[in-house]
(Lines of atoms letter the chains of each structure in order from A; the text may use other names.)
(Lines give C-alpha, C1' and ligand atoms only; values in the text may rest on other atoms or scores of the structure.)
Protein backbone atom coordinates (compact mmCIF):
# COMPACT_ATOMS: atom_id res chain seq x y z
CA UNK A 1 0.00 0.00 0.00
CA UNK A 2 1.27 3.41 -0.94
CA UNK A 3 -0.59 6.74 -1.01
CA UNK A 4 0.34 10.10 -2.48
CA UNK A 5 -1.57 13.35 -2.33
CA UNK A 6 -0.52 15.41 -5.34
CA UNK A 7 -1.48 19.00 -4.59
CA UNK A 8 -1.14 22.27 -6.46
CA UNK A 9 0.53 24.93 -4.31
CA UNK A 10 3.28 25.05 -1.73
CA UNK A 11 2.37 24.80 1.94
CA UNK A 12 5.80 25.70 3.27
CA UNK A 13 5.75 25.87 7.06
CA UNK A 14 2.05 26.62 7.34
CA UNK A 15 0.26 24.89 10.22
CA UNK A 16 -1.96 23.06 7.72
CA UNK A 17 1.11 21.26 6.35
CA UNK A 18 1.98 19.93 9.79
CA UNK A 19 -1.62 18.84 10.43
CA UNK A 20 -1.89 16.96 7.13
CA UNK A 21 1.49 15.30 7.59
CA UNK A 22 0.53 14.33 11.15
CA UNK A 23 -2.37 12.23 9.85
CA UNK A 24 -0.26 10.66 7.10
CA UNK A 25 2.47 9.80 9.63
CA UNK A 26 -0.05 7.74 11.61
CA UNK A 27 -0.60 5.36 8.71
CA UNK A 28 1.17 2.00 8.66
CA UNK A 29 2.26 2.39 5.03
CA UNK A 30 4.08 5.07 3.02
CA UNK A 31 2.04 8.23 2.46
CA UNK A 32 3.25 11.60 1.25
CA UNK A 33 2.21 14.95 -0.13
CA UNK A 34 3.76 15.90 -3.46
CA UNK A 35 3.47 19.61 -4.21
CA UNK A 36 3.53 21.21 -7.64
CA UNK A 37 3.26 24.87 -8.45
CA UNK A 38 2.89 27.18 -11.43
CA UNK A 39 4.04 30.67 -10.51
CA UNK A 40 3.79 32.42 -13.86
CA UNK A 41 0.94 34.91 -14.20
CA UNK A 42 -1.33 33.07 -16.63
CA UNK A 43 -4.99 33.16 -17.54
CA UNK A 44 -7.23 30.60 -15.80
CA UNK A 45 -7.31 28.18 -18.74
CA UNK A 46 -3.58 28.32 -19.35
CA UNK A 47 -2.87 27.99 -15.62
CA UNK A 48 -5.05 24.86 -15.37
CA UNK A 49 -3.25 23.36 -18.36
CA UNK A 50 0.23 24.03 -16.94
CA UNK A 51 -0.73 22.89 -13.45
CA UNK A 52 -2.21 19.77 -15.02
CA UNK A 53 1.03 19.01 -16.85
CA UNK A 54 2.94 19.28 -13.57
CA UNK A 55 0.39 17.13 -11.72
CA UNK A 56 0.53 14.41 -14.37
CA UNK A 57 4.34 14.44 -14.30
CA UNK A 58 4.32 14.08 -10.49
CA UNK A 59 2.03 11.03 -10.37
CA UNK A 60 3.69 7.82 -9.24
CA UNK A 61 4.12 5.26 -12.02
CA UNK A 62 1.04 3.10 -12.61
CA UNK A 63 -0.95 4.99 -9.96
CA UNK A 64 -4.69 4.62 -9.49
CA UNK A 65 -5.65 8.30 -9.67
CA UNK A 66 -8.46 9.77 -7.56
CA UNK A 67 -9.16 13.38 -8.49
CA UNK A 68 -10.87 15.64 -5.98
CA UNK A 69 -13.50 17.47 -7.97
CA UNK A 70 -16.72 19.27 -7.15
CA UNK A 71 -18.61 16.84 -9.40
CA UNK A 72 -17.16 13.75 -7.72
CA UNK A 73 -19.04 11.36 -5.48
CA UNK A 74 -19.36 12.26 -1.80
CA UNK A 75 -19.04 8.98 0.08
CA UNK A 76 -19.53 8.56 3.79
CA UNK A 77 -16.44 7.73 5.81
CA UNK A 78 -17.57 4.09 5.93
CA UNK A 79 -18.02 4.01 2.15
CA UNK A 80 -14.62 5.65 1.60
CA UNK A 81 -13.04 2.97 3.79
CA UNK A 82 -14.57 0.30 1.55
CA UNK A 83 -13.46 2.14 -1.59
CA UNK A 84 -9.88 2.37 -0.28
CA UNK A 85 -9.90 -1.38 0.39
CA UNK A 86 -11.14 -1.97 -3.16
CA UNK A 87 -8.59 0.42 -4.68
CA UNK A 88 -5.70 -1.08 -2.69
CA UNK A 89 -6.82 -4.45 -4.04
CA UNK A 90 -5.73 -3.34 -7.52
CA UNK A 91 -2.12 -3.55 -6.33
CA UNK A 92 -1.31 -0.07 -7.59
CA UNK A 93 -0.20 3.01 -5.64
CA UNK A 94 -3.03 5.44 -4.95
CA UNK A 95 -2.67 9.09 -5.91
CA UNK A 96 -5.22 11.66 -4.78
CA UNK A 97 -5.08 14.92 -6.75
CA UNK A 98 -6.01 18.34 -5.33
CA UNK A 99 -6.15 21.04 -8.02
CA UNK A 100 -5.44 24.73 -7.89
CA UNK A 101 -7.81 27.64 -7.43
CA UNK A 102 -9.07 27.33 -11.01
CA UNK A 103 -9.77 23.60 -10.75
CA UNK A 104 -8.44 20.79 -12.92
CA UNK A 105 -7.58 20.89 -16.58
CA UNK A 106 -9.07 18.42 -19.04
CA UNK A 107 -5.94 16.22 -19.10
CA UNK A 108 -6.07 15.60 -15.34
CA UNK A 109 -9.79 14.80 -15.42
CA UNK A 110 -9.21 12.44 -18.35
CA UNK A 111 -6.48 10.63 -16.37
CA UNK A 112 -8.74 10.11 -13.34
CA UNK A 113 -9.65 6.54 -12.45
CA UNK A 114 -12.15 7.92 -9.91
CA UNK A 115 -13.41 11.30 -8.73
CA UNK A 116 -14.19 12.27 -5.18
CA UNK A 117 -15.74 15.30 -3.51
CA UNK A 118 -15.25 16.02 0.17
CA UNK A 119 -18.11 18.52 0.32
CA UNK A 120 -20.38 20.79 -1.66
CA UNK A 121 -18.77 23.66 0.23
CA UNK A 122 -15.74 25.54 -1.06
CA UNK A 123 -12.65 25.01 1.11
CA UNK A 124 -9.17 26.55 1.08
CA UNK A 125 -6.81 24.20 -0.74
CA UNK A 126 -4.48 23.87 2.25
CA UNK A 127 -7.38 22.75 4.46
CA UNK A 128 -8.46 20.22 1.84
CA UNK A 129 -5.08 18.53 2.32
CA UNK A 130 -5.77 18.20 6.03
CA UNK A 131 -9.33 16.95 5.53
CA UNK A 132 -8.24 14.41 2.92
CA UNK A 133 -5.34 13.13 5.03
CA UNK A 134 -7.68 12.79 8.02
CA UNK A 135 -10.27 10.90 5.96
CA UNK A 136 -7.61 8.51 4.65
CA UNK A 137 -6.49 7.90 8.24
CA UNK A 138 -10.12 7.49 9.36
CA UNK A 139 -10.84 5.06 6.51
CA UNK A 140 -7.87 2.91 7.44
CA UNK A 141 -8.89 3.04 11.12
CA UNK A 142 -12.33 1.75 10.13
CA UNK A 143 -10.73 -0.99 8.05
CA UNK A 144 -8.63 -2.32 10.95
CA UNK A 145 -11.37 -1.87 13.56
CA UNK A 146 -9.61 0.90 15.49
CA UNK A 147 -12.00 2.91 17.71
CA UNK A 148 -11.01 6.28 16.17
CA UNK A 149 -14.20 6.34 14.09
CA UNK A 150 -17.53 6.37 15.88
CA UNK A 151 -20.89 5.99 14.22
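Residue numbers (full-length UniProt numbering): 1 to 151.
Glycine included, each C-beta is placed from N, C-alpha and C at the ideal position.
Buried or exposed: residue 135, going by 16 or more other Cβ atoms within 10 Å of its Cβ?
-> Counting other Cβ atoms within 10 Å of its Cβ, residue 135 reaches 16 or more and is therefore classed as buried.
At least three beta-carbon pairs within less than 8 angstroms, the region 116-131 to the region 68-78 | Short answer: they touch.
Could you give the DSSP three-state label for residue 104: helix, strand or coil?
-> For residue 104, the three-state secondary structure derived from DSSP is coil.
Quick one: what does DSSP say residue 4 is sitting in, helix, strand or coil?
-> Strand, per DSSP.
Extent of the continuous beta strand (DSSP E) run through residue 69 | Element bounds for residue 69: 64-73.
Among the residues of its own chain, which have a CB less than 7 angstroms from the CB of residue 111, if the five just before and after it don't count?
-> Excluding sequence neighbours, residue 111 sits near 56 and 65.
In this structure, does DSSP put residue 32 in helix, strand or coil?
-> Note: residue 32 maps to strand in three-state DSSP.
Who are the Cβ neighbours of residue 14 in its own chain at under 8 angstroms, not counting the five residues just before and after it?
-> Around residue 14: 126.
Out of curiosity, what's the CA-to-CA distance linking residue 20 and residue 8?
-> Looking at the two C-alpha atoms, the distance is approximately 15 angstroms.
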